[in-house]
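Q: First the structure, then my questions, so here it is.
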Amino acid sequence: MLEKVKLLIQEVADFSGDNLADIEAFRIKFLGSKGVLKSLFADFKNVAPDQKKEFGQTLNTLKKAAEEKVENLMASLASKADENPKYGDLTRPAEAIQLGARHPISLVKNKIAEVFSRIGFTISEGPEIEDDWHNFTALNLPEHHPARDMQDTFFVEQNPDMLLRTHTSSVQIRYMENNQPPIRTISPGRVFRNEDISARSHCIFHQVEGLYIDTDVSFADLKQTLIYFTKEMFGKSKIRLRPSYFPFTEPSAEVDIYWGLKTETDYRITKGTGWLEIMGCGMVDPNVLRNTHIDPEKYSGFAFGMGIERIAMLLYQIPDIRMLFENDMRFLEQFKSVI
Ligand code: DAH
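Residues 454 to 792 (the working numbering) make up the sequence shown, in order.
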């Protein structure tokens, strides 16, 4: 009898299980309610009195060994599961999802597009590497025209006819070449000028061009469209049009909005006048219509162009244009809550 228990102690010591089913089978065999130990303890009463003590102690050794074995094997199974978890630790608090943010240039561009789409404008795009015709000549800026110097141009070295577009007005030409009136389109995009980089200007920036061509379009339609736009975009509808000159429009104007002088920042950005220039505009010059095979006797229209950086800087109080191009996460993350 005692020998049998000693053999069982050896069996317990030798056992090793690396999965739950084996360990459970072992536990049931030794410690279960119909297990080995239960029946051995039941046999205790049949043991001769002088052997009872030793038998009892050996039986207790077996019980303890079996219990410790199950405990140890379960613990090592659990720690293995930790090392190579199937689902990770489900009790850990969830990690916050890193949300991206839209770039302020995209925010402003999307907003402008949304405001104009509500009154029937489509979105059109053109190439950033442009030819002379679309960027200058067709826009009533023939070769040697002095107004070409208004926009310092990056030319493509290998081909003097090609350049990086200096404005999105080039898309006007492409759109009119491919579409007949009525035309209502805006063209957002990147433009390039050979200018020194400073807090207020950059050699790469973004513009949105607008074009409206139909029968009987007048300057009053232009003005009304601008009032609608400034109201929707800035919540301000007090504007003024100052006579100006652009070769592609006649008459031409610059648009100022009344920004006010409520804060120190307002004072600084409007240079103490309360007025702020936001875009150029005018009635499309008949020469431009002719260049794109649209009959100026039948059709008229207006165009406008504005800089996106300038508007973004105004809306979000960004003091330096360079911040819009550096992609510093600390700057960009501030736009997370804006859609
Ligand atoms: N292209 C002009 C610029 O880059 C902006 C502009 C002014 C566009 C008047 C227009 C316009 O369509 O009518 O400075």
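Note that beta-carbon positions come from the ideal geometry of N, C-alpha and C, so glycine has one too.
1) For Val465 versus Phe483, is the C-beta spacing smaller than 9 Å?
2) Could you tell me which uninterrupted alpha helix (DSSP H) segments, each at least 4 residues in length, are contained entirely in the stretch 641-707, listed from first to last along the chain?
3) Could you tell me which of Phe497, Lys517 and Lys516 sits nearest to Phe508, measuring between CA atoms?
4) Going by C-alpha distance, which of Met776, Met732, Leu461 and Leu515 is nearest His655?
5) Give the DSSP-derived three-state secondary structure of Thr718 in the structure shown.
6) If you count every other CB in all the chains shown that lies within 10 Å of the CB of Met782, and 16 or more means buried, which is it?
7) Buried or exposed for Glu578, going by 16 or more other Cβ atoms inside 10 Å?
8) Compute the beta-carbon to beta-carbon distance between Ser690 and Gly733, rounded to the nearest angstrom, for a pair I have assumed lies under 8 Å.
9) Given Asn527, which residues of its chain have a CB within under 7 Å of its CB, disregarding the five upstream and five downstream residues?
10) For Gln551, verify whether its CB is less than 8 Å away from any heavy atom of ligand 1.
11) How many angstroms separate the CA atom of Ile576 from the CA atom of Thr745?
12) Identify the continuous alpha helix (DSSP H) that holds Trp728 and give its terminal residues.
13) Comparing the CB of Val809 with every heavy atom of ligand 1, is any distance shorter than 8 Å?
14) For His587, is the beta carbon positioned less than 8 Å from some heavy atom of ligand 1?
15) Could you tell me the alpha carbon to alpha carbon distance between Ile680 and Ala566, rounded to whole angstroms?
16) To which residues of the same chain is Lys459 closer than 6 Å at the C-beta, ignoring the five residues directly before and after it?
17) Can you tell me whether Arg637 is helix, strand or coil according to DSSP?
18) Tell whether a beta-carbon distance below 9 Å holds between Ile731 and Met759.
19) Who does Ser753 pair with in a DSSP beta bridge?
20) Threshold first: 4 residues or longer. Then list the alpha helix (DSSP H) segments lying entirely within the stretch 582-613, N to C.
21) DSSP three-state call for Ile565: helix, strand or coil?
22) Measure the alpha-carbon distance for Asp542 versus Ser559 and round it to whole angstroms.
23) Can you give me the C-alpha to C-alpha distance between Phe784 and Arg693, rounded to a whole angstrom?
A: Reading off the structure:
1) Taking the first residue of the sequence shown as position 1, residue 465 is located at position 12. Taking the first residue of the sequence shown as position 1, residue 483 is located at position 30. Taking a C-beta distance under 9 Å as the contact criterion, Val465 and Phe483 qualify as a contact pair.
2) Within the stretch 641-707, the runs of alpha helix (DSSP H) at least 4 residues long that lie entirely inside it are, in chain order, 672-687.
3) By 1-based counting over the sequence shown, the position of residue 508 is 55. Ranking Phe497, Lys517 and Lys516 by Cα distance to Phe508 puts Phe497 first.
4) Taking the first residue of the sequence shown as 1, we reach residue 655 at position 202. For His655, the closest C-alpha among the options Met776, Met732, Leu461 and Leu515 is that of Met776.
5) Taking the sequence shown and counting its residues from 1, the one referred to as residue 718 is at position 265. Helix at Thr718.
6) The residue given as residue 782 occupies position 329 in the sequence shown. Per the 10 Å Cβ criterion, exposed.
7) Sequence index remark: in the sequence shown, residue 578 carries index 125 (1-based). With fewer than 16 other Cβ atoms within 10 Å, it is exposed.
8) Residue 690 sits at position 237 when you count from the first residue of the sequence shown. Residue 733 sits at position 280 when you count from the first residue of the sequence shown. Contact doesn't hold; Cβ gap of about 19 Å is too wide.
9) Against the sequence shown, residue 527 aligns to sequence position 74. Note on residue identity: the sequence assigns Met, not Asn, to residue 527. Excluding residues within five positions, the ones whose Cβ falls inside 7 Å are Ile476.
10) Taking the first residue of the sequence shown as position 1, residue 551 is located at position 98. Result no, Cβ not under 8 Å from ligand 1.
11) Taking the first residue of the sequence shown as position 1, residue 576 is located at position 123. Taking the first residue of the sequence shown as position 1, residue 745 is located at position 292. Straight-line Cα distance between these residues: approximately 19 Å.
12) Position 275 of the sequence shown holds residue 728. Looking at the DSSP string, Trp728 is not in any alpha helix (DSSP H); the run it does join, the beta strand (DSSP E), is Trp728 to Val737.
13) As shown, the chain starts at 454 and ends at 792. That puts residue 809 outside it, with no answer to give.
14) Residue numbering aside, residue 587 sits at position 134 when the sequence shown is read from its first letter. Set against 8 Å, the gap from the CB of His587 to the closest heavy atom of ligand 1 is not smaller.
15) Counting from one through the sequence shown, the residue named residue 680 turns up at place 227. Counting from one through the sequence shown, the residue named residue 566 turns up at place 113. Their backbone Cα atoms lie some 16 Å apart in a straight line.
16) Position 6 of the sequence shown, counting from 1, holds the residue named residue 459. Correct list: empty, nothing qualifies.
17) Mapped onto the sequence shown, residue 637 falls at position 184. In this structure, Arg637 counts as strand in the three-state DSSP scheme.
18) One-based indexing of the sequence shown puts residue 731 at position 278. One-based indexing of the sequence shown puts residue 759 at position 306. Their beta carbons are under 9 Å apart, which means Ile731 touches Met759 by this criterion.
19) Counted from its first residue, the sequence shown places residue 753 at position 300. In the DSSP assignment, the residues bridged to Ser753 are Asp667.
20) List check, alpha helix (DSSP H) in window: 585-588.
21) Residue numbering aside, residue 565 sits at position 112 when the sequence shown is read from its first letter. Helix at Ile565.
22) By 1-based counting over the sequence shown, the position of residue 542 is 89. By 1-based counting over the sequence shown, the position of residue 559 is 106. Rounded to the nearest angstrom, the two C-alpha atoms are 39 Å apart.
23) As a working note, residue 784 is residue 331 in the sequence shown. As a working note, residue 693 is residue 240 in the sequence shown. A straight-line Cα-Cα distance of about 34 Å links Phe784 and Arg693.
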